[in-house]
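Below is one structure, written out as structure tokens, with a few remarks after it.
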Amino acid sequence: MRLFTTVAGLRCHLERIKVQGQPGEGKDDSAPDAPLSVGLVPTMGALHDGHLSLMRRARQENDVVVVSIFVNPLQFGPNEDFRRYPRSLEHDQALCEAVGVDVIFAPTAAEFYQAESYQDGGDSAAPQGSDSPTPDRITQVIPPAAMMTRLCGRTRPGHFQGVATVVTKLLNAVQPQRAYFGQKDAQQLAIIKRIAADLNLPVEICPCPIVREPSGLALSSRNQYLSDEERSQATALYRGLKQAERLFRQGVLDADRLISAVTAELAALPTLQIDYVELVHPTTLQPLDGVHEAGLLAIAAYVGSTRLIDNIVLRNRKPIIAIDGPAGAGKSTVVRQVAQQLGLLYLDTGAMYRAVTWLALEAGIALDDEAAIAELVSQCKIDISGLPTESSIAINDQDVTRAIR
Ligand code: AMP
-13 MRLFTTVAGL RCHLERIKVQ GQPGEGKDDS APDAPLSVGL VPTMGALHDG HLSLMRRARQ
47 ENDVVVVSIF VNPLQFGPNE DFRRYPRSLE HDQALCEAVG VDVIFAPTAA EFYQAESYQD
107 GGDSAAPQGS DSPTPDRITQ VIPPAAMMTR LCGRTRPGHF QGVATVVTKL LNAVQPQRAY
167 FGQKDAQQLA IIKRIAADLN LPVEICPCPI VREPSGLALS SRNQYLSDEE RSQATALYRG
227 LKQAERLFRQ GVLDADRLIS AVTAELAALP TLQIDYVELV HPTTLQPLDG VHEAGLLAIA
287 AYVGSTRLID NIVLRNRKPI IAIDGPAGAG KSTVVRQVAQ QLGLLYLDTG AMYRAVTWLA
347 LEAGIALDDE AAIAELVSQC KIDISGLPTE SSIAINDQDV TRAIR
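No gaps in the numbering here: position 47 of the sequence shown is 33 in our numbering, and each next residue is one more.
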């Protein structure tokens, strides 16, 4: 495992290993000339099992795993815990090594933000407050305002701008194929997905489930601030969310009733002060009056002086079941029967490939012209409808059910 504190060192190392590969590292032998894939896990350190779950997943899915450890001053408000935030680089390094991380990127703020971004020129001996670059001297990424006005954005002005800026910088410095983020920070995840889409960043944003203590408390670096008593009170956050989930399973979809179920659970605890409990759309973060297809039920509360967040996603839709396996194994037969018995739509992905092939042939596109096919696919519309036994498929409003068979 290598540790870099500068973008120059990190870039040079990644360039070299992406092309040359590393003996023994899971490079795909079937494509010997393909560059190695890189997975990035951005963190602020003080690592725990939640972070490690992201790293393990990145390890499974990529040839090279890069973890960034950077307490980003830009995302902390003036009265927040930037100075106090737990820092434990040596311990973090050992944890990263144990899960097979290849590279840690741990720059100082003065290295990562250009010296010109500081009023004092980035002088490390400068007085308090100089860790943060001067906002009007730095290029920042501004996420859609509509995604920042609710939930944590209400009480943390500038926070998501700071997150968006640092994540974009990290993605540019590392240039990974995939980047891993926890569902624990649901608003951050939704905003980063949106930034990647809006800025056409060539990266797949991979969401990872929340890791919890057996008590239900979501793991967080800030849990270190809690006394034993506060820690036990903090478990009420998840209890409240679970209470709302139980109601939801019984058919309650109304936002007010679901929110009241959470607040009722927390009301009994005097040291716990609610910042917000909100139901929003998981992707757009717009408020919902009820769970139609899916709702993000999110909470932030102070336990003593520590601000904690948690959430669950409530889904009010039929399940999606994917079946994969080798050709000729009987996938279609099984899927058709499962769909029929459960009343689900049978989504025949094989038919989708055939329909696209039909379209490419119709358009006279050479079948080895990948770029032309990519352009064609990104603009086409496929409709699949009907019963599992007799579904019909249309591409760009032309019925091709018979043609593709
Ligand atoms: P942080 O160091 O708090 O900035 O977190 C780094 C990444 O780890 C973010 O994508 C978080 O959402 C994720 N993360 C933090 N806590 C957890 C958890 N309990 N379960 C899953 N992911 C987490």
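All residues carry an ideal CB built from backbone N, CA and C; glycine is no exception.
Keep in mind the model is a prediction, meaning the values are calculated, not measured.
Under the three-state reduction of DSSP, Asn209 is assigned to helix. Per DSSP, the beta-bridge partners of Ala380 are Asp369 and Asp385. Taking each of Thr141, Met134 and Pro162 in turn and checking the Cα distance to Ala150, the smallest one comes out for Met134. Spanning the alpha carbons of Ala284 and Arg42 requires a straight line of approximately 26 Å. Minimum Cα-Cα distance from Leu22 among the listed residues Asn158, Val5 and Asp35 corresponds to Val5. Contact check for Ala176 against Pro72 fails: the beta carbons are separated by 8 Å or more. Our two residues, Val53 and Ala32, have alpha carbons roughly 13 Å apart in a direct line. Taking a contact as a CB-CB distance under 8 Å, the pair Asn58 and Gly202 does not count as one, their CB atoms being some 28 Å apart. Fewer than three Cβ pairs drawn from the region 306 to 322 and the region 241 to 251 lie within less than 8 Å of each other, which leaves the two stretches out of contact.
The continuous beta strand (DSSP E) containing Ile298 extends over residues Thr292 to Arg301.
Annotated three-state conformation of Ala284 is strand, per DSSP.
One thing to note: Trp344 has its Cβ no nearer than 8 Å to the Cβ of Ile368.
In the three-state reduction of the DSSP assignment, Leu223 falls in the helix class.
Ala222 sits away from Leu233, with the two beta carbons spaced by 8 Å or more. In this structure, DSSP gives Gln61 a helical state, which the three-state scheme calls helix.
Assigned with DSSP and collapsed to three states, Pro200 falls in coil, not helix or strand. Using a Cβ-Cβ distance cut-off of 8 Å, the region 289 to 299 and the region 310 to 319 are not in contact, since fewer than three pairs of beta carbons, one from each stretch, lie closer than that value. Within a 10 Å sphere around the beta-carbon of Gly281 sit 16 or more other beta-carbons, which makes this residue buried. Under the DSSP definition of a beta bridge, Pro28 partners with Ser54.
For His37, the distance from the CB to the nearest heavy atom of the ligand AMP is below 7 Å. The residues Ala346, in chain order, have a CB closer than 7 Å to that of Leu353 in the same chain once the five nearest residues on each side in sequence are set aside.
Note that the C-beta distance between Lys179 and Gly36 is not below 8 Å. The alpha-carbon separation between Gln100 and Ala92 amounts to approximately 15 Å. DSSP lists Leu258 and Thr292 as the beta-bridge partner residues of Val289. Cβ-Cβ separation between Val152 and Leu60: approximately 6 Å, consistent with a contact (criterion under 8 Å). Cβ-Cβ distances below 6 Å link Leu331 to nothing in the same chain once the five nearest sequence neighbours on each side are left out. Between His34 and Leu212, the beta carbon gap of about 13 Å keeps them out of contact (Cβ cut-off 8 Å). Under the three-state reduction of DSSP output, Gly168 falls in the strand class.
Judged by DSSP in its simplified three-state form, Pro121 adopts helix.
Here Ile191 is bridged, per DSSP, to Ala165.
By the neighbour-count criterion, in which a residue is buried when 16 or more other Cβ atoms sit within 10 angstroms of its Cβ, Tyr339 is exposed.
Collapsing the DSSP output to three states places Val277 in coil. Secondary structure of Ile3 (DSSP, three-state): helix. Excluding sequence positions up to five before and after Thr29, its CB lies within less than 7 Å of the CB of His37, Val53, Ser54 and Ile55, all in the same chain and listed in chain order. Beta-bridge annotation (DSSP): Arg(-12) is paired with Val89.
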